[in-house]
Each structure stands twice: as structure tokens, then as C-alpha cells.
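Asker: My structure is below; once you've seen it, I'll send some questions.
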Amino acid sequence: MNSDRIRFQNYKDKVISAHQAAGFFKDKMVIGSSGFTKAGDSKAVLPAFALRAEHENIGITLITGASLGHTTDADLARSNALYKRMPFQVDPVMRGKINSGDILFIDQHLSETAELLENKHLPKLDFAIIEAAYIDENGNIIPTTSVGNSATFAHLADQIIIEINTSIPFEFKGIHDIFIPDAYPHRNPIHITTSDERIGSDVIAINPEKVVGIVFTEIPDSPAQTAAPDVKTTAIANHLLAFFEKEIQSGRLTNSLMPLQAGIGKVANAVMSGLAKGNFENLVMYSEVLQDSTFELIDTGKMTFASASSITVSEDCYKHILKHFDNYKDKIILRPQNISNAAEVIRRLGIIAINTAIEFDIYGNVNSTHISGTKMMNGIGGSGDFARNAYLSIFVTQSSSKEFNAISHVLPMVSHVDHTEHDVDILVTEQGLADLRGLAPRERARVIIQNCAHPEYRDQLQDYFERACLRGGHTPHLLEESFLFHTRYTETGSMKQNCLVTY
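If you count by this note's numbering, then the sequence shown holds residues 4 to 506, one letter each, in order.
So, in C-alpha cells, the structure goes:
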């Protein structure tokens with residue numbers, strides 16, 4: 004019964020349709036919406052606004068936790084409903100609009116959006132749209148499959164629209180830990196010393212007077228698109244697992260490793276799944292997203308606890324979680340993303356961070372966001388939050404891609420820098436692993452070329468490096484050639500020398 008989902012009497016007469024809710028928005032308003040990697044997002048109001056914008060000249064600035072699910076971002080982009088978007092997205096339609104300049108995009112560290120809003124470095128929020136499992140007797144929100152920036156949005160927005168999702172079980176209450184840090188300059192430490200430590204409330208407390216509408220929906224989250232490990236991702240995972248075993252033998256790690264963070268994607272899933280096969284035990288996560296592999300590790304008994312900001316899993320895994328929720332409820336926690344990604348906590352806990360690169364160069368600089376230095380892919384996400392502060396900062400990618408290995412992902416110089424050489428400890432491709440700890444730039448170059456580059460590009464990279472060394476410098480480069488791989492690909496269809504690819 005829908006009445007069971009609203010337990011605060013003053014909200015009973017505020018139930019409206021999604022189209023009525025979308026009618027509140029005015030041109031150039033700033034809207035904060037729940038949603039983090041397709042989980043816990045607006046499934047009614049934002050799609051209704053996209054429909055409205057098809058017939059009106061109206062656009063908003065949309066701030067979320069991370070990416071939205073279903074076709075929401077695409078629909079908003081197609082209907083020209085967005086003036087500006089932040090801090091992250093993964094939709095190809097929106098990506099095209101961003102790269103054409105039709106939508107302005109601000110790519111932010113996921114830990115920083117809430118901070119920038121609280122500090123008034125961003126425009127004030129006119130509305131917050133927050134997905135809820137239900138509303139308790141005090142008018143507070145019980146979140147669903149993500150927390151993201153929802154608590155901050157609800158705290159700062161002038162007005163609030165609550166989307167109650169009836170597909171979410173009441174039992175979800177209790178898995179959230181909602182905490183908003185003190186304002187500067189009187190901020191206290193974030194007292195998280197273990198992944199399972201709670202510091203806040205299990206509800207998002209709001210001012211009932213801000214609530215202008217409650218919309219019901221029963222649409223579940225978009226399922227994660229999982230892909231089975233292939234030859235390359237399996238090789239990357241095996242190199243990394245062998246590295247962990249070596250670190251254990253050296254005494255730098257134990258069989259429990261350190262708390263783990265893993266980015267989204269099949270490489271991260273392959274690595275995490277591989278941990279079930281080794282001698283690892285009592286693993287814990289302090290990450291952004293709980294994926295299929297997290298629950299696989301909990302099922303095998305290898306992982307004892309996992310903290311993140313959202314649950315983003317495949318349809319089959321989600322059904323499994325709901326069926327066996329009692330087995331997971333005391334083993335998972337969802338936090339605001341400025342807590343899950345807090346530099347202070349990441350450094351205190353000693354996180355092993357595993358994230359994906361688009362490309363990296365021979366000195367260890369990583370590009371996570373831009374194709375050929377100009378075209379936005381998805382965004383930096385939380386990789387920078389973790390890379391800068393991790394106990395071990397690991398980046399993975401394939402050494403080459405496209406037919407005939409036309410693209411090398413190991414380059415003389417990256418076309419865009421998201422993570423500098425100072426924040427990168429380990430680089431891994433299917434070819435091997437480069438341990439950069441304690442190495443100077445010239446040493447790093449030799450290790451990266453030898454261990455990570457595809458054999459068809461190794462000599463080309465080595466030649467560049469040797470000629471650059473003759474010219475001198477702490478970090479030797481031939482500036483007139485440093486982007487030659489990229490320009491050659493644009494001109495010939497391949498980064499290889501003396502190669503012309505025809506289609």
C-alpha cells in the first residue's frame with residue numbers, strides 16, 4: 004500500500020504526478036537529483052521534465068551524484084533540457100552533446116561537489132529530487148540503492164521533491180550512514196577508522212516545510228551491464244593478483260590486503276572476482292560502488308564487509324541480493340559520496356585503489372577522461388579522490404586496441420592529464436605490471452615500456468625515449484614529437500609508423 008510509504012501525516016496531501024512536479028522547474032534553475040552510477044536516481048520527475056522540454060524552450064543545470072540510469076540523460080540531452088551538467092555521466096547521447104558544445108559539462112572529483120555546494124562555490128540549489136524507499140514518522144527520507152549527494156541536496160535546496168520507489172523493500176532501512184561534515188573553519192575529523200564504522204544516521208533528515216511534492220514510481224534501477232572476463236582482462240587481473248601475492252610474501256601486505264576500492268567495469272570486476280581464487284581472507288571494501296563481484300566475495304566468505312555510496316549490480320545479482328538480503332544487511336553500508344571518497348578517510352584506512360585509464364605515458368601520467376585530449380568520455384569520477392590518497396594507487400588498461408592494434412594506450416605523452424606521475428604507484432596492462440614505487444622518471448620509462456607496452460609499439464617508444472634522453476632533462480621529451488602517436492592516428496588510422504589503415 005502506498006500509504007505505508009508515507010508515515011508522516013503532513014505529507015499525505017502532497018502526492019502529485021511526475022508531470023506536475025516537473026512543472027515546478029523554471030528556465031536556468033539549478034536542480035540536484037539523487038543518483039549514483041545508475042542507482043537511486045530520479046526515474047519519474049527528470050524523464051517528465053525531458054518530455055516537457057520537447058515542447059518548451061527551457062533548460063536547467065543538473066547536478067547529481069554520478070551517472071543516471073535508463074535513458075534519462077539521453078532524453079534530457081535530446082530535448083535540449085540541460086544548460087549545464089555535473090559532475091559525471093556515461094551516456095553516449097549526452098557525451099555527443101557535451102563534445103559538440105551544446106551542453107556545458109563540469110567534470111569534478113566526486114568528493115568535491117557537495118563541498119563546493121556547501122561552501123557556496125556553486126550556485127544555490129532551487130530544487131532537490133530525492134528517491135526514497137519510504138518516509139518515516141518524522142518526515143525523514145529512507146534512501147534506496149544509493150546516497151550520493153542526496154543528503155547535501157536535501158539540506159541546501161530551497162524546495163524538495165521526493166520520489167518514493169515502491170520496488171525497494173522496507174528492509175533497506177538500516178544500510179545507510181548519513182553524515183554531513185561540519186562547516187569550515189570548525190570542521191572536526193571524520194571519525195571512520197574501519198570500513199564498518201558508523202558515524203551518522205540511517206535516514207536523511209529534512210525540513211518538512213521544503214517538501215512541495217511526493218511522486219510515486221515503481222521503476223527499478225537500470226541493471227549494470229556486466230561482461231565476462233576476456234583474454235586481456237583476465238591477464239590484467241592475473242598480473243595484479245600475482246603482485247598482491249608478492250607483496251604478501253615480502254611482508255608489505257597480509258592475506259587480508261588493505262581495504263579495497265575498485266572502479267566500475269569488467270577489469271575491476273575481473274580483479275575482484277580473482278580474489279576469490281587466491282589465499283586471501285577477511286577482505287573489506289571502502290569504495291564508491293558495490294558491484295557483482297563484491298557480493299560474490301561476500302558469498303564465498305572472502306569478504307567480511309563493504310562500504311560504498313551505491314549498489315550497482317546486474318539484474319540477476321540484484322534479484323539474488325533481495326532474496327538473501329538478511330545475509331547482506333549487516334555486511335554493507337552506503338554513505339554520502341563526500342564521505343565514501345573523503346581524502347582523510349582514504350589515507351587513514353590505507354586503501355588499495357584500482358581504477359581504469361584510457362591511456363598512460365612512459366613516465367606514469369594517466370588520462371582517465373579524454374579521447375585524443377579533447378573529447379570527454381565519462382569523467383574523472385572518484386579515481387582522483389582515491390589515487391592521490393591511496394596506500395597503493397593502481398591503474399589498469401589494455402596495452403592496445405582496435406583492429407591490428409591501431410591504438411597504443413601507452414604513449415610518449417598523454418593527451419590529457421587527470422592523474423600525475425606523483426599519484427600513480429602501479430600500472431598494469433595485459434602485457435605485464437610496472438611497479439613505479441621509488442623510481443625516478445627515467446627509471447619509470449624503462450619499466451613501463453618493457454612491461455606494459457604492446458610489443459608492436461615497444462621499439463617505437465624505446466626509440467623516442469632514447470632520443471629524448473640525448474636531448475636531456477629530468478623528464479626527457481621531444482616536444483615536437485610528443486603527440487605524434489595521436490596525430491598519426493588521426494591522419495592514417497593507426498599509431499604505428501609507416502602504416503595506413505583503410506576501411
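Where is the CB? At the ideal position from N, CA and C, for every residue including glycine.
Predicted model, so just to flag it, every value in this text is computed and none were measured.
1) I'd like to confirm the pairing. Which residues does DSSP put opposite T64 in its beta bridges?
2) To the nearest angstrom, how far is the alpha carbon of L337 from that of I178?
3) Taking all protein chains shown into account, decide if S386 is buried (16 or more other Cβ within 10 angstroms of its Cβ) or exposed.
4) Do you know whose CA, among N122, I109 and V48, lies nearest H189's CA?
5) If you check the beta carbons only, do I361 and S371 fall under 8 angstroms apart?
6) Could you tell me the distance, in whole angstroms, from the CA atom of N60 to the CA atom of M275?
7) Do R474 and L481 have their C-beta atoms within less than 8 angstroms of each other?
8) Report the rounded CA-to-CA distance for D302 versus E134, giving the unit in angstroms.
9) Can T315 and M306 be called in contact, C-beta distance under 8 angstroms?
10) Please state whether DSSP places G475 in a helix, a strand or coil.
11) I1 and S403: beta carbons closer than 8 angstroms?
12) Is it buried or exposed for T196, if we count other Cβ within 10 angstroms and need 16 for buried?
13) Ordered along the chain, which non-local residues of its own chain (more than five positions away) have a Cβ less than 7 angstroms from that of N102?
14) Just reading off the alpha helix (DSSP H) that S153 is part of, what are its end residues?
15) Who are D364's beta bridge partners in DSSP?
16) Return helix, strand or coil for M380, following the three-state DSSP convention.
17) Do K334 and A309 have their C-beta atoms closer together than 8 angstroms?
18) Residues in the same chain with beta-carbon distance under 6 angstroms from H162, minus the five sequence neighbours each way, listed in chain order, please.
19) Applying the criterion that 16 or more other CB atoms from any shown protein chain within 10 Å of the CB defines a buried residue, is P479 buried or exposed?
20) In chain order, what residues of the same chain have a beta carbon less than 6 angstroms from the beta carbon of Y460, not counting five sequence neighbours either side?
21) Compute the beta-carbon to beta-carbon distance between G382 and D110, rounded to the nearest angstrom, for a pair I have assumed lies under 8 angstroms.
22) Whole-angstrom Cβ separation of A21 and V218, contact assumed at under 8 angstroms?
23) Just grab the DSSP bridge partners of S396 for me.
24) Using only the alpha-carbon positions, how far apart do D30 and L85 sit?
25) Report the residue from E174, G72, M89 and I145 whose alpha carbon sits nearest the alpha carbon of K326.
26) Looking only at DSSP bridge pairs, what is V292 linked to?
27) If distances are taken between C-alpha atoms only, which option among A448, G72, N13 and L436 comes closest to A240?
28) For the 8 angstroms Cβ check, are there 3 or more pairs between the stretch 225-245 and the stretch 78-92?
29) Consider the C-beta atom of E118 and the heavy atoms of the ligand ADP; say whether any pair is separated by less than 7 angstroms.
Answerer: So, from the listed chains and residues:
1) V33 and K87
2) 6 angstroms
3) buried
4) N122
5) yes
6) 46 angstroms
7) yes
8) 28 angstroms
9) no
10) coil
11) Coverage of the chain is limited to positions 4 through 506, which leaves residue 1 absent and any answer about it impossible.
12) exposed
13) K378 and M379
14) S153 to L159
15) L414
16) coil
17) yes
18) The sequence shown places Gln at residue 162, rather than the His named in the question. Only F130, K213 and V215 meet the Cβ criterion.
19) buried
20) S411
21) 5 angstroms
22) 5 angstroms
23) A356
24) 10 angstroms
25) E174
26) S313
27) L436
28) no
29) You won't find the ligand ADP in this model; it holds no ligand whatsoever.
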